[in-house]
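Residue numbers 892 to 1145, in my numbering, belong to the letters of the sequence shown in order.
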Amino acid sequence: MTCPHKRYHAYRGRRNRRPYYNLLKSYDTKEAAAEAVKINSEHTTVLTLQIGLGNVEILERAFGSENVIAGTTDAAATIVEPGRVKHTAYGNVYIGEIHGPPTQRVHEIVALFTKAGFNANPSDNVMGLIWTKLILNLAINPLGTILRARCEKPIDNDYSRVLMRQIVEEALRISDKKGIKLIYPDMVQAAYDLAEKNATSFNSMAQDFLKGKKTEIDFISGAIVKEGEQVGISAPFNQSMTMIVKALEHTIEN
């Protein structure tokens, strides 16, 4: 399905009181937030559905922690051209407060997404959702990018399956130490299942790399390395994934 979307430009007049949706690549969040804060009300609710870690904290610094909510989605779309978006996969949207049960503002934004045709739901475990999606992405995305392969390749041989398991198990030790309540009881199998479900597709990081674009590796594998350092747990497999992908990016830049 392909449909038009409206593009809005920042203005310097009356401040916006509507919710602000930050749905950019993670490496653009800081710059975008610095601009968005200039045109939004001090009480604007800010929602991020981005992949990886760090976006919530950037937005909290810009807008205030009391104004930021978050969530995840497995719906997918691509920009065909300016003004046209291709909806490539239906999925769920989960939204909630960073800590605690869903509030009135969460239910109101969930209702907006539902009205727009999404399968949207409130959640009382947003950080668990974010970390679950993070771990699935760090299991699949960097390896698929390094192999320059569709999602089927990392699960079609024992070598890469073992590597995926080691990458996930590192992240699980860190999430367990931090007390994160993940969604799936077996995250390794969940990663295998997701790769199989999307077997014929390139993951988003691989797509960016193959198009010569910057990847979100610092907010995925790189982020889990930093989280590990904070709790005294090393993550050498994820560190290696981060360094290899960044080395590949360097070959494009030069």
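For each residue, glycine too, the CB sits at the ideal point set by N, CA and C.
Closest in alpha carbon position to Asn-1094, among Ala-967, Ile-986 and Gly-1035, is Gly-1035. In summary, Ala-1002 is exposed, with fewer than 16 beta-carbon neighbours lying within 10 Å of its beta-carbon over all protein chains present.
Contiguous alpha helix (DSSP H) elements confined to the stretch 986-1062 occur at 995-1006 and 1017-1038, taking only those with 4 or more residues.
With respect to the C-alpha of Asp-1099, the residue from Ile-1124, Ile-1037 and Glu-1060 having the closest C-alpha is Ile-1037. Relative to Gln-1130, the option among Thr-964, Ile-1111, His-1141 and Ser-932 whose CA is nearest is Ile-1111. For Glu-972, the enclosing beta strand (DSSP E) starts and ends at 967-972.
Around the beta carbon of Pro-973, fewer than 16 other beta carbons lie within 10 angstroms, which makes this residue exposed. Of the other Cβ atoms in all chains shown, fewer than 16 fall within 10 Å of the Cβ of Gly-1123; this residue is therefore exposed.
For the 8 angstroms CB-CB criterion, Phe-954 and Val-984 do not form a contact. Here Val-1017 really is in contact with Gly-987; their C-beta atoms are around 4 angstroms apart, less than 8 angstroms.
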